[in-house]
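As structure tokens, the structure follows; a few thoughts come after it.
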Amino acid sequence: MQFLEHTTLKVNNETALNFYKKYGFEQKGVAEKYYKRIEPDNAYILVKHIDRSVVFAMVYKVTYFDIRGFGEYIRLLLTDQGVEFIDDRIEREKWPEMKSRFAFNQVPCLTENDVPIVQTGAIMRHLGRKFNLNGSTESEETFIDMFFEGVRDLRTKYSKMIYTEYENKDDFIKNVYPVELAKLEKLLKTHKNGEQYVAGDKVSYADYILFEELDVALILDPHSLDKFSALKAFHERWSSRPSLKNYLDRRNLQKVDVNYNGKQ
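For the sequence shown, counting from 1, position 260 maps to 260 in the UniProt record's numbering; every step adds exactly one.
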């Protein structure tokens, strides 16, 4: 593991000691409250006190139902970035008694060191800023945001069909997917001809939602990407991404549902 000379929040001696025992460090101490953005290409969950006296873990928890849904974008991002997190999966029948605990009575919820964040877009943009997945320029940041929202529009149409108009599935596959996927294909090819990432040569938070929604499309119709070579190649690259392989293999083995109504 790579450590940064970088401090996070104040912790007590017991917490610090337990952390040291877990990771096998000899020094002990308490971190002072201080925050600084973590630079790219470094480990993200572990931070190191500037006087080298304490190491402490940034604790993440993703709370969502035991399906892929909107929570999967967040799980994919954290997994790909090498960030350990608590995968808190809610049983559907327990949700009515739990939802008042969350802002707007909704999940997914990302809890970062006991600070909860809800709204899928807000969470993804927060993680984009946190882990430098938000582009290198203002124009890239805007493009990534635009692309993300465009994919969410597709998911909204998909969700309406899955939950309320499933009898129109064939029409959706024939008439809706081709139109929406063509928009994404065209936009993807504006950077590096779509041969790398959404925003060119650097991964962004929009790559995770695109990969997930393309995967969902292939579950609904295995031929959905046949006419979209850039999207198909993108999905193939991400399906074999080393940092996601174990997670994706486990997800496939467990046959995690995309939706809670059992359709997919």
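Note that CB positions come from ideal geometry on N, CA and C, so glycine has one too.
Because the structure is a prediction, the values reported are computed rather than measured.
By a beta-carbon distance limit of 8 Å, residue 143 does not contact residue 185. Their separation comes to about 15 Å.
Taken in chain order, the unbroken stretches of alpha helix (DSSP H) that lie wholly in the region 172 to 218 and span 4 residues or more are 177 to 188. The C-beta separation of residue 80 from residue 61 comes to about 18 Å, leaving the pair out of contact by the 8 Å criterion. A straight line joining the alpha-carbon of residue 256 with that of residue 68 spans about 7 Å.
Counted as a single uninterrupted DSSP element, the beta strand (DSSP E) harbouring residue 112 occupies residues 109 to 112. When C-alpha distances from residue 94 are compared across 66, 86, 125 and 239, the shortest belongs to 66.
Around the beta-carbon of residue 107, 16 or more other beta-carbon atoms lie within 10 Å, marking it buried. Counting the other Cβ atoms within 10 Å of the Cβ of residue 235 gives 16 or more, which makes it buried.
The C-alpha of residue 154 lies about 10 Å from the C-alpha of residue 217.
The region 136 to 152 makes contact with the region 194 to 204, as at least three CB pairs between them are under 8 Å. When the Cα atoms are used, residue 133 and residue 203 turn out to be separated by approximately 6 Å. Counting along the chain, residue 232 sits inside the alpha helix (DSSP H) bounded by residues 229 to 239.
In the pairwise beta carbon analysis, the region 151 to 171 is classified as touching the region 257 to 264: at least three pairs are separated by under 8 Å.
For residue 231, the number of other beta carbons within 10 angstroms of its own is at least 16, and it is reported as buried. Of the residues assessed, residue 206 falls on the buried side of the cut-off, its CB having 16 or more other CB atoms within 10 angstroms. In this structure, residue 225 and residue 214 form a Cβ contact; the two beta carbons are roughly 7 Å apart against a cut-off of 8 Å.
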